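Novice: Before I ask anything, let me first share the structure, which is written out below as structure tokens.
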Amino acid sequence: MDHDSPSLLWFRQDLRLSDNPALSAAAKHGRPIVAIFILDDENAARWAIGGASRWWLHCSLVRLDASLRGLGIPLVLRRGPALTVLPALAAEVSAGAVFWNRCYEPFQVARDTAIKSALSGAGVRVESLNGSLLVEPWVPKTQAGQPFRVFTPFWKAMRGLMAPQLPLAVPPPTIPPAKAPPGDALEDWGLQPRKPDWAGGLRAAWSPGEAGAMAQLEHFLEQGIGRYRSDRDRPGEDSVSRLSPYLHWGEISVRQVWRAAETYAGPAAEPFLRQLAWREFSYHLLWQFPDLPERPFNAQFSRFPWREDSAALNLWQRGLTGYPLVDAGMRELWTTGWMHNRVRMVTASFLVKHLLLDWRHGEAWFWDTLVDADLANNAASWQWVAGSGADAAPYFRIFNPVLQGEKFDPDGRYVHRWVPELAKLPDEFLHKPWLAPANILKTADVELGGTYPKPIVDHAVARDRALAAFATVRT
DNA sequence: TGAAATGTTGGGGCG
DNA sequence: ACGCCCCAACATTTC
Numbered sequence: 023m024d025h026d027s028p029s030l031l032w033f034r035q036d037l038r039l040s041d042n043p044a045l046s047a048a049a050k051h052g053r054p055i056v057a058i059f060i061l062d063d064e065n066a067a068r069w070a071i072g073g074a075s076r077w078w079l080h081c082s083l084v085r086l087d088a089s090l091r092g093l094g095i096p097l098v099l100r101r102g103p104a105l106t107v108l109p110a111l112a113a114e115v116s117a118g119a120v121f122w123n124r125c126y127e128p129f130q131v132a133r134d135t136a137i138k139s140a141l142s143g144a145g146v147r148v149e150s151l152n153g154s155l156l157v158e159p160w161v162p163k164t165q166a167g168q169p170f171r172v173f174t175p176f177w178k179a180m181r182g183l184m185a186p187q188l189p190l191a192v193p194p195p196t197i198p199p200a201k202a203p204p205g206d207a208l209e210d211w212g213l214q215p216r217k218p219d220w221a222g223g224l225r226a227a228w229s230p231g232e233a234g235a236m237a238q239l240e241h242f243l244e245q246g247i248g249r250y251r252s253d254r255d256r257p258g259e260d261s262v263s264r265l266s267p268y269l270h271w272g273e274i275s276v277r278q279v280w281r282a283a284e285t286y287a288g289p290a291a292e293p294f295l296r297q298l299a300w301r302e303f304s305y306h307l308l309w310q311f312p313d314l315p316e317r318p319f320n321a322q323f324s325r326f327p328w329r330e331d332s333a334a335l336n337l338w339q340r341g342l343t344g345y346p347l348v349d350a351g352m353r354e355l356w357t358t359g360w361m362h363n364r365v366r367m368v369t370a371s372f373l374v375k376h377l378l379l380d381w382r383h384g385e386a387w388f389w390d391t392l393v394d395a396d397l398a399n400n401a402a403s404w405q406w407v408a409g410s411g412a413d414a415a416p417y418f419r420i421f422n423p424v425l426q427g428e429k430f431d432p433d434g435r436y437v438h439r440w441v442p443e444l445a446k447l448p449d450e451f452l453h454k455p456w457l458a459p460a461n462i463l464k465t466a467d468v469e470l471g472g473t474y475p476k477p478i479v480d481h482a483v484a485r486d487r488a489l490a491a492f493a494t495v496r497t
């Protein structure tokens, strides 16, 4: 082996320099480092990166490239099945070692295992590390030695495993510069939307990349975490972290977030840490049940009588259901690539329970439109709402979008922002415009069925229909 | 990480 | 003064 042979550092969902175990390990190895990012749509198949995430990834790769350049590490872009692309590059540059942080989507696990044995077989040292999770998904076990299926015991077990001051990866020392092998131009990947460019709202709402992640974390620590316990369910308030897309792409590590929250807020951080644990729980579930994105965790639900109704699905996607809180959420999603978690629950419940449409339709839509689209979180959360998941919402828990709106958006800040055509309606009718008297509607310039839709289903009717449908799969 | 229906209680109006 | 009814407020049960 060539004494100057470089190490490969394979970036995937760890697009950062700080607390990056693979980068630290590669740096410690002492050779020049060539970084690579592979756009692998073929292996990802059905769960190839969605539209909003592709926009995010583009911006993030621009940032990562600039940061790596400062360390003397070239970032090579290649496209194709990683199973062939990565070993090919390793041979091309005579790499002596390859480092990466683990990914946990089933196709990635299978693929990376195959890559590891191919490289090892070719005499290349391979090291994979944990850069994405607080606890590896195979670690937490019940007393009986089984994986967890219920969140609270999982949380207790996990909480017990967490060190008071989580150690972070050591920053890389000076690294000998490497020669850059050829790669694709990022622009040629077409990750950014053109004709039409629908990303204007995303650009206005986000700064992807490691620096953006740090700024968002600081903002949350100063602005949100102190009142997180009381205000996190109010979508009109700026009290949640909005770190999900950064966490998905690893522009900040969950360890950094956990440690910062604990250090900054002490016991007040607890409800937020619990939310981080839901992410861990999702990965734990996906690990033990790789079909989670495709099939109901609870097999009873295989015979659920879902309706097919593409017109209703379309109205839900566009935020035209006639229920202001639902429409506000779906429009926030479409505009910014993100939706407040409380509203995610309400909109998801509406699709599954009011419209009786298969949760996989919602899962697919969120996958394509969310900048934080994450296979484990998305699948586990949709199954939770649908009632088919592990530790799921009971089938009879049907959110009333009017009551949820009145409870969590009482002053209408959220609905005003995303459904401006209702801005002049008095608070009393904001979440139920169809009950407003004609003269009030007229004064507010609202014409139901004209400027704003009438409800596409009646809540009471839909509720009874859902209870009847869900009764057919009752255990 | 609900909502609606049903049940219970207690204060006040009133015959 | 007493019992009856009404109903709001709260609690419990059911979906």
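Our numbering numbers the first residue of the first sequence as 23 and each following residue consecutively. Note that beta-carbon positions come from the ideal geometry of N, C-alpha and C, so glycine has one too. Given the structure is predicted, the values throughout are model-derived calculations rather than measurements.
To the nearest angstrom, report how far apart Ser252 and Glu284 are at their CA atoms.
Specialist: Each residue's alpha carbon lies about 18 angstroms from the other.
Novice: Check whether the segment 440-456 touches the segment 405-412, taking contact to mean three or more Cβ pairs, one atom from each stretch, closer than 8 angstroms.
Specialist: Short answer: they don't touch.
Novice: Is the distance from the Cβ of Pro109 to the Cβ of Ala202 below 8 angstroms?
Specialist: It is not a contact, given that the beta carbons lie outside the stated cut-off.
Novice: Is it true that the CB of Ala401 sits closer than 8 angstroms to the CB of Pro315?
Specialist: Yes, Cβ-Cβ distance for Pro315 and Ala401 is below 8 angstroms.
Novice: Spatial neighbours of Asp63 within its chain, please: CB distance less than 6 angstroms, with the 5 preceding and 5 following residues excluded, ordered by chain position.
Specialist: Answer for Asp63: Ala70, listed in chain order.
Novice: Just how far apart, CA to CA, sit Lys138 and Leu31?
Specialist: Their backbone Cα atoms lie some 14 angstroms apart in a straight line.
Novice: Select from Gly234, Pro204, Asn123 the residue whose C-alpha is nearest the C-alpha of Ala48.
Specialist: The candidate whose alpha carbon is nearest that of Ala48 is Asn123.
Novice: Using DSSP's beta-bridge definition, name the partner residues of Ile55.
Specialist: Paired residue(s): Ser29.
Novice: Mind pulling the alpha helix (DSSP H) runs of 4 or more residues that sit fully within the segment 209-264?
Specialist: Those alpha helix (DSSP H) runs which fall completely within the segment 209-264 and span 4+ residues are 222-227, 232-245, 250-253.
Novice: Return the bridge partner residues of Ala119 from the DSSP annotation.
Specialist: Its beta-bridge partners are Ser29, Arg147.
Novice: Contact between the segment 187-196 and the segment 268-288: three or more CB pairs below 8 angstroms?
Specialist: Yes, the segment 187-196 touches the segment 268-288.
Novice: Give the range of the alpha helix (DSSP H) segment to which Leu99 is assigned.
Specialist: First-last for Leu99: 97-101, but that is the beta strand (DSSP E), not the alpha helix (DSSP H).
Novice: Using C-beta distances below 6 angstroms, list every residue in its chain close to Leu243, excluding the 5 sequence neighbours before and after it, in chain order.
Specialist: Once the five neighbours on either side are set aside, the close Cβ partners of Leu243 are Tyr286.
Novice: On the premise that Arg38 lies in contact with Gly222, defined as a C-beta separation below 8 angstroms, what is that separation, rounded to the nearest angstrom?
Specialist: Actually they do not touch by this definition, with Cβ atoms about 26 angstroms apart.
Novice: So which of Ile60, Pro193, Gly102 has the shortest CA-CA distance to Ser40?
Specialist: Measuring from the Cα of Ser40, the nearest candidate turns out to be Pro193.
Novice: Can you grab the Cα-Cα spacing for the pair Trp456 / Leu470, in whole Å?
Specialist: One C-alpha to the other measures close to 7 angstroms.
Novice: Of all the options Leu392, Val120, Arg53, Val56, which has the alpha carbon lying nearest to the alpha carbon of Glu149?
Specialist: It is Val120.
Novice: If we count the other Cβ atoms within 10 Å of its Cβ and call it buried at 16 or more, is Ala224 buried or exposed?
Specialist: Per the sequence shown, the amino acid found at residue 224 is Leu instead of Ala. The residue in question, Leu224, is buried, as its Cβ has 16 or more Cβ neighbours within 10 Å.
Novice: When DSSP labels each residue in this structure, what does Arg329 get in the three-state scheme?
Specialist: In this structure, Arg329 counts as strand in the three-state DSSP scheme.
Novice: Quick check on the burial criterion: 16 or more other C-beta atoms within 10 angstroms. Buried or exposed for Met23?
Specialist: For Met23, the pLDDT reaches just 48, beneath the cut-off of 50, and the residue's location in the model is therefore unreliable, although a value from the coordinates is still provided. Label assigned to Met23: exposed.
Novice: Return yes when the Cβ of Ser29 is within less than 8 angstroms of the Cβ of Ser116, no when it is not.
Specialist: No. Outside cutoff.
Novice: Specify the secondary structure class of Leu93 as computed by DSSP and reduced to three states.
Specialist: In this structure, Leu93 counts as coil in the three-state DSSP scheme.
Novice: Among the residues of its own chain, which have a CB less than 6 angstroms from the CB of Leu355, if the five just before and after it don't count?
Specialist: Around Leu355: Met361, Thr391.
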